[in-house]
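Peer 1: I have a structure I would like to understand better, so I am pasting it below and will then ask my questions one at a time.
In my numbering, the protein residues as written are 177 to 552.
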């Protein structure tokens with residue numbers, strides 16, 4: 177399963193450089209551009225679509241933000257508003273598939289990657305809707321610009337141009353669910369497909385630029401695998417000393433109950449998000465939280481989605497919120513100013529975290545219906 181990571185990274189880099197983001201933004205704008213805050217709503221919808229095929233929050237902010245933010249400013253939106261929207265909406269990359277943190281969690285806890293991928297779809301749609309609702313309300317209150325309504329013919333053309341990128345979702349989910357691919361094989365197929373679309377369909381990536389993409393993917397993969405190797409060693413030491421199960425027994429002895437355990441887990445993960453990146457947090461915290469979660473009969477897939485949402489929050493606030501720093505570079509805003517700008521959407525995400533935590537069926541219903549959970 178660990179071999180899925182380099183292939184998903186390669187697919188992501190092909191898509192980021194291959195013009196897929198532009199097509200998705202055009203389609204999103206044609207659908208919601210005429211609403212209050214239309215360009216901002218289009219940015220959120222485009223982030224959600226790009227997250228479905230990219231699986232990286234930082235890459236989503238770069239790909240969508242670098243196109244949408246200049247357009248928003250040109251149409252009269254405040255940069256602060258646009259940067260706040262894209263910073264938080266970009267975090268959908270962790271929740272949607274193919275998410276590298278999901279693969280890492282699956283490796284750390286021996287959870288089904290396919291079930292984790294599917295489990296993030298409904299929460300991802302709900303969070304997209306919630307972020308869109310807050311954006312619409314702010315835009316309506318401040319009378320931000322609206323674009324002209326697109327005709328259905330224009331929407332159809334934009335959809336046809338974006339469908340090549342969205343088909344990657346069908347390849348990954350369809351392949352894993354039908355049993356045609358394992359998760360690793362689906363990752364390899366997604367890399368091949370992303371190469372084909374970027375080079376031969378959209379023609380935004382030239383053959384001579386492919387080695388640069390391959391090198392960048394290799395560097396990113398090496399860095400992640402190095403982190404995983406060291407964290408795996410740390411996890412081995414913890415397991416050898418029986419620390420996770422000892423902690424689980426200690427938590428159970430405190431009579432926290434299921435509700436209390438989930439609350440403490442969220443607080444610990446949110447605190448860790450102030451100091452570490454998502455991959456490191458998952459590799460260190462998942463082996464500790466997982467045994468206790470099993471003792472409370474909390475589904476491993478539910479725990480994985482809960483951790484994902486906590487990681488999303490951590491990406492959007494200082495001191496190590498990567499989305500903040502990337503959006504700051506694109507918007508030329510200071511980190512302090514941008515931190516204030518994201519608050520309406522960050523609070524929305526915290527409300528969503530409570531929903532995901534205490535409404536497990538949001539995560540478990542779809543994989544259960546598809547028969548991807550034991551007893552489902």
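Glycine included, every Cβ here is placed at the ideal spot set by N, Cα and C.
As the structure is a prediction and not an experimental result, all values here were calculated from the model.
Measure the alpha-carbon distance for residue 213 versus residue 236 and round it to whole angstroms.
Peer 2: Near 20 Å, if we compare the C-alpha coordinates of residue 236 and residue 213.
Peer 1: The alpha helix (DSSP H) that contains residue 367, what's its start and end?
Peer 2: Looking at the DSSP string, the run of the alpha helix (DSSP H) that includes residue 367 is 359-372.
Peer 1: Less than 7 Å between the beta carbons of residue 282 and residue 240, yes or no?
Peer 2: Contact: no.
Peer 1: Roughly how many angstroms lie between the CA atoms of residue 470 and residue 233, to the nearest whole one?
Peer 2: Rounded to the nearest angstrom, the two C-alpha atoms are 29 Å apart.
Peer 1: For the alpha helix (DSSP H) that contains residue 535, what are its first and last residues?
Peer 2: Segment: none, residue 535 is in no alpha helix (DSSP H) and carries neither H nor E.
Peer 1: Going by the beta-carbon positions, is the gap between residue 348 and residue 273 smaller than 7 Å?
Peer 2: Contact: yes.
Peer 1: Between residue 321 and residue 289, what straight-line distance do the alpha-carbon atoms span, to the nearest angstrom?
Peer 2: Each residue's alpha carbon lies about 42 Å from the other.
Peer 1: So residue 194 packs on residue 378, CB below 8 Å; how close in whole Å?
Peer 2: With a Cβ gap of about 6 Å, residue 194 and residue 378 count as contacting.
Peer 1: Looking at the secondary structure, which residues open and close the alpha helix (DSSP H) in which residue 223 lies?
Peer 2: Segment 214-230, the alpha helix (DSSP H) holding residue 223.
Peer 1: In three-state DSSP terms, what is residue 395?
Peer 2: Here residue 395 sits in helix by DSSP.
Peer 1: Is residue 534 buried or exposed, if buried means 16 or more other CB atoms sit within 10 Å of its CB?
Peer 2: Flag for residue 534 reads exposed.
Peer 1: For residue 442, collect the residues of the same chain with a Cβ closer than 8 Å to its Cβ; drop the 5 residues on either side in sequence, then sort them by chain order.
Peer 2: So the list reads 482, 486, 529, 533, once near-sequence residues are dropped.
Peer 1: Taking the alpha helix (DSSP H) that residue 353 belongs to, which residues open and close that run?
Peer 2: Here the alpha helix (DSSP H) through residue 353 covers 351-354.
Peer 1: Assign residue 548 to one of three DSSP states: helix, strand, or coil.
Peer 2: In this structure, residue 548 counts as coil in the three-state DSSP scheme.
Peer 1: Rounded to the nearest angstrom, what separates residue 260 and residue 296 at their Cα positions?
Peer 2: If you take the alpha carbons of residue 260 and residue 296, they lie about 23 Å apart.
Peer 1: Tell me which same chain residues have a C-beta within less than 7 Å of the C-beta of residue 448, skipping the five on either side of it?
Peer 2: If we look at residue 448 and ignore the five residues flanking it on each side, its Cβ neighbours are 457, 461.
Peer 1: Pick out whichever of 331, 221, 346, 373 has its Cα sitting closest to the Cα of residue 304.
Peer 2: Checking every option, the nearest Cα to that of residue 304 belongs to 221.
Peer 1: Spatial neighbours of residue 334 within its chain, please: C-beta separation below 6 Å, excluding the five flanking residues on both sides.
Peer 2: These residues qualify, in order along the chain: 202, 203, 206.
Peer 1: Suppose contacts are defined by Cβ-Cβ distances below 7 Å. Is residue 392 in contact with residue 189 by that definition?
Peer 2: Yes, the pair counts as a contact, with Cβ atoms nearer than the cut-off.
Peer 1: Measure the C-alpha to C-alpha separation of residue 249 and residue 354 and round it to an integer number of angstroms.
Peer 2: Approximately 45 Å, taken between the alpha carbons.
Peer 1: Starting from the C-beta of residue 186, find all residues in its chain whose C-beta is less than 6 Å away, skip the five residues before and the five after it, and write them out in chain order.
Peer 2: So the list reads 367, 393, once near-sequence residues are dropped.
Peer 1: Taking buried to mean at least 16 other C-beta atoms within 10 Å of its own C-beta, is residue 526 buried or exposed?
Peer 2: So residue 526 counts as exposed.
Peer 1: When we look at the beta-carbon of residue 371 and count the other beta-carbons within 10 Å, is it buried (16 or more) or exposed?
Peer 2: By the 10 Å Cβ count, residue 371 comes out buried.
Peer 1: I'd like to know whether the C-beta atoms of residue 299 and residue 479 end up nearer to each other than 7 Å.
Peer 2: No.
Peer 1: Between the Cα of residue 275 and the Cα atoms of 255, 228, 310, which residue gives the shortest distance?
Peer 2: It is 228 whose Cα lies nearest to the Cα of residue 275.
Peer 1: Do you know whose CA, among 291, 310, 217, lies nearest residue 323's CA?
Peer 2: Residue 323 has its Cα closest to that of 217, out of 291, 310, 217.
Peer 1: Just to confirm my understanding: we take residue 446, look at its own chain, exclude 5 residues before and 5 after, and list those with CB closer than 8 Å. What are they?
Peer 2: The residues are 486, 489, 490.
Peer 1: Can you tell me where the alpha helix (DSSP H) with residue 200 in it begins and where it stops?
Peer 2: It spans 196-208 - the alpha helix (DSSP H) in which residue 200 sits, taken as one unbroken run.
Peer 1: Going by beta-carbon coordinates alone, are residue 464 and residue 420 separated by less than 7 Å?
Peer 2: Cβ atoms of residue 464 and residue 420: closer than 7 Å.
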